[in-house]
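**Q**
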Amino acid sequence: EKVIQLRGLAVDKLATRWADIHKIGYREKLTPKTIDELFQSQQKIFPVIRNDENDVVGLLHFMDISTIGQTEKNLINSMHRNFVTCEHDTTITAVLQLMAENETTVAVVMKNKKVYGMVNLTDILAHEPVCPTTTDAVSH
36 EKVIQLRGLA
46 VDKLATRWAD
56 IHKIGYREKL
66 TPKTIDELFQ
76 SQQKIFPVIR
86 NDENDVVGLL
96 HFMDISTIGQ
106 TEKNLINSMH
116 RNFVTCEHDT
126 TITAVLQLMA
136 ENETTVAVVM
146 KNKKVYGMVN
156 LTDILAHEPV
166 CPTTTDAVSH
């Protein structure tokens, strides 16, 4: 068994950079073609932006729109408005606490009042390095 070492680590070390994230416009239609394009990106969560890239109004989870069918889906009804924001230098421990308190698995990371990136629970759990637990350190 291994333990993920997170104490003191800032969230910007694990966040996916904003420029690398596929975003969707607030007024876009979720047509089968758009849904296919989102699928092709291999991203699972898409920020929904309104006026500019720093105006995040929700998050669209691909699982919520990937049901089989050829009908257009409503973006406003499909997106999640429950997400948290944090500063780029917030510790991972504090981000996890914020996620837990708000019952979400995603945080939008800010730096100088602009969106810096996004981090989700999977990014945090996939982080290395790991250190042995006390039970690993004892030989049996």
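Note that my numbering has the sequence shown beginning at 36, numbered continuously upward. Each residue gets a CB set at the ideal place from its N, CA and C atoms; glycine is no exception. Computed from a prediction, not measured in an experiment: that's the story for all the values here.
Please report how far the alpha carbon of D90 lies from the alpha carbon of A45, in whole angstroms.
**A** Looking at the two C-alpha atoms, the distance is approximately 23 Å.
**Q** Since V154 and V130 are thought to touch, with beta carbons under 8 Å apart, how far apart are those beta carbons, to the nearest angstrom?
**A** Rounded, the Cβ-Cβ distance is 7 Å, consistent with contact.
**Q** Answer with buried or exposed for G43, where buried requires no fewer than 16 other C-beta atoms within 10 angstroms of its C-beta.
**A** By the neighbour-count rule (16 or more Cβ atoms within 10 Å), G43 is not buried but exposed.
**Q** In whole angstroms, give me the CA-to-CA distance for T51 and I84.
**A** One C-alpha to the other measures close to 17 Å.
**Q** Straight-line CA distance for E72 to N112?
**A** E72 and N112: Cα-Cα distance of roughly 19 Å.
**Q** Determine the burial state of T157: buried for a count of at least 16 other Cβ atoms within 10 Å of its Cβ, exposed for fewer.
**A** Exposed: under 16 other Cβ atoms inside 10 Å.
**Q** Using only the alpha-carbon positions, how far apart do M98 and G152 sit?
**A** Going from the Cα of M98 to the Cα of G152 covers about 21 Å.
**Q** Cβ of E107 within 8 Å of Cβ of W53?
**A** Result no, Cβ atoms of E107 and W53 do not sit closer than 8 Å.
**Q** Sort out for me which residues DSSP pairs N155 with in a bridge.
**A** Note: N155 sits in a beta bridge opposite V141.
**Q** Just the Cα atoms here: how many angstroms apart are T128 and H57?
**A** Rounded to the nearest angstrom, the two C-alpha atoms are 26 Å apart.
**Q** Just to check, is the beta-carbon of A50 closer than 7 Å to a non-hydrogen atom of the ligand GDP?
**A** As far as ligands go, the structure on display features none, and thus does not contain the ligand GDP.
**Q** By Cβ distance below 7 Å, which residues in the same chain neighbour E63 in space, the five residues on each side in sequence not counted?
**A** Excluding positions up to five away in sequence, the list reads T69 and L110.
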